[in-house]
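There are 2 protein chains.
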Amino acid sequence: MKKTKEDMQAEILSALCHPNRIKIIKSLRKDILCNCELMPLLRLEQSNLSRHLKMLENAGILISWKEGLRVNYKISDKRIFDLLDIAERIVSKKIEEFMQIMENYTEKFMVVR
Amino acid sequence: MKKTKEDMQAEILSALCHPNRIKIIKSLRKDILCNCELMPLLRLEQSNLSRHLKMLENAGILISWKEGLRVNYKISDKRIFDLLDIAERIVSKKIEEFMQIMENYTEKFMVVR
DNA sequence: TAACAATATGAGCATATACTCATATACAAA
DNA sequence: TTTGTATATGAGTATATGCTCATATTGTTA
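Protein chains in written order, with our numbering: chain A, 1 to 113; chain E, 114 to 226.
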């Protein structure tokens, strides 16, 4: 069964849609890091982190290479950051809207009182 | 338990990471549509489509309103399109790279032959 | 070679997702 | 009020995901 463009888009997004994997990518924004450096940084179980990294690699989002015992990881395509930035802006806007609504309610409450 | 920014980003991306939901959003790029119009367009079971739409709405990606029997849907934030566009570009780049590799292999094969 | 360190993976479990069928609800029009 | 249409939802099933514990693998160093 041939993959559609939407299937492939969904695969990219599926690889990104977990808080820990988002944190991994944010950590790799400036640095190249290995499993053992990410582990204490994100406070993840070794096997759990290893699987998250593998998922990101399988999706083509991360590139890895060995360096002795370590396995280093870096982002394959800088556009991944743009994508997460947009997601962050969408979230920020939602938070702002929520705050605005709460403020309006509070105002009304103060007046009535 | 308080949601982190990464939790909220993951929620947005989770809502987007299914081929049918991506198709729904693409369909809503130009038009405001209802369940009954999307059904034949995407060839989805009524209940299945209804649930996908609800997921997108719960994630704050779609806004819905009733109009008689119909329930209309539109995108809440145009940045959703930017996000999917980037995902599409990432996919396109991957396809290009793959084609390039295949071409190189084919060339070598021709020479050896 | 033995001991160690970093990473990968099998097995098991709990939970989430996607889908379908049948049925319920909400609204419209006769 | 009855009939019909659009949408929502309960129940059941299959599959995927996330996590952990224990163990395997890979490469390093004494």
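Cβ coordinates follow ideal geometry from the N, Cα and C atoms, glycine included.
*Nearest CA to the CA of A/ILE22: which residue from A/LEU83, A/PRO40, A/ASN72?*
Selection A/LEU83, A/PRO40, A/ASN72 evaluated against A/ILE22 yields A/LEU83 as nearest (Cα-Cα).
*When DSSP builds the beta bridges, which residues end up paired with A/GLU67?*
In the DSSP output, where bridge partners are listed per residue, A/GLU67 has A/ARG70.
_Counting only Cβ pairs nearer than 8 Å, list the residues of chain A close to E/MET213._
Sequence inspection shows Gln at residue 213 of chain E; the Met mentioned does not correspond to that position. Simply none; closest approach about 14 Å.
*Look up E/ILE145 in the DSSP assignment and say whether it is helix, strand or coil.*
In the structure shown, E/ILE145 sits in coil (DSSP, three-state: anything other than H, G, I, E or B).
*Mind checking if E/ASP198 is an interface residue toward chain A, Cβ cutoff 7 Å exclusive?*
Not an interface residue.
_Closer than 7 Å to chain A by CB, E/GLY173_ = E/GLY173 counts as touching chain A.
*Please confirm if E/GLU119 has its CB atom under 7 Å from at least one CB of chain A.*
True, the Cβ-Cβ gap to chain A drops below 7 Å.
*Quick one: what's got a C-beta closer than 8 Å to A/GLU67's C-beta in the same chain, skipping five residues either side?*
Once the five neighbours on either side are set aside, the close Cβ partners of A/GLU67 are CYS34.
*asked:* Below 8 Å on the Cβ atoms is my contact criterion, and I expect A/LYS5 with E/VAL184 to pass it. Report the Cβ-Cβ distance as a whole number of Å.
replied: So it is not a contact: roughly 28 Å between Cβ atoms.
*asked:* Tell me the rounded alpha-carbon separation between A/ILE24 and E/LEU182.
replied: Roughly 46 Å between the two C-alpha positions.
*Measure from the C-beta of A/SER14 to each C-beta in chain E and report whether the shortest distance is under 7 Å.*
Yes, because at least one Cβ of chain E sits closer than 7 Å to the Cβ of A/SER14.
*Any C-beta of chain A under 7 Å from that of E/ASP195*: By this cut-off, E/ASP195 is an interface position.
*asked:* For a cutoff of 7 Å on Cβ pairs, would you count E/LYS191 as touching chain A?
replied: For E/LYS191, no Cβ of chain A is located within less than 7 Å of the residue's own Cβ.
*Looking at the C-beta of A/ILE25, does it have a partner C-beta in chain E at a distance below 7 Å?*
Output row for A/ILE25: interface = no.
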